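**Student:** Once you've had a glance at the structure underneath, I'll fire off some questions.
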Amino acid sequence: MRSARAAALVLITCSNEEQGASIARTLLDERLAACVNIVGQVRSIYRWQGKIEDDRETLLLVKTGRALLPKVERRVRELHTYDVPEIMALSFDSGSQRYLEWLLGAVSQSRRKSTKS
């Protein structure tokens, strides 16, 4: 039985849907994520370099394993156009056991395959 605490949800904002889709596909191709939801346009109001900004962004909801968080962050920083991309991870207390099995199985396959190469 897999623990919900082994999974994580990573929130990432991007400048547009195309950039979000590109990051999502890379994370999936590299098995750093099991699933990425792309939430259409969101309005972000934030402080940046002493000013209040008001922009439209795209939100990514990345489902991954907690053990992969450093790799996910590193890869997103490489791919992202922002100087300081939002990369925030949330942990879970509980979740559907069948979904957790699928999620953690999908990302753990990358580690098994890479050790055989």
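Mapping of the sequence shown onto the working numbering: residues 1309 to 1425, in sequence order. Note that CB positions come from ideal geometry on N, CA and C, so glycine has one too. Source: prediction; values computed, not measured.
(1) For Gly-1403, does the three-state DSSP call read helix, strand or coil?
(2) Could you spell out the range, first to last residue, of the alpha helix (DSSP H) harbouring Asp-1337?
(3) Using the Cβ count rule (16 or more neighbours within 10 Å means buried), how would you classify Arg-1370?
(4) Please state if the CB of Pro-1378 and the CB of Thr-1321 are separated by a distance shorter than 9 Å.
(5) Name the two residues that bound the continuous beta strand (DSSP E) containing Glu-1365.
**Tutor:** So, from the listed chains and residues:
(1) coil
(2) 1325-1337
(3) Looking at the sequence shown, residue 1370 is not Arg but Val. When all chains shown are included, Val-1370 counts as buried.
(4) no
(5) 1359-1373
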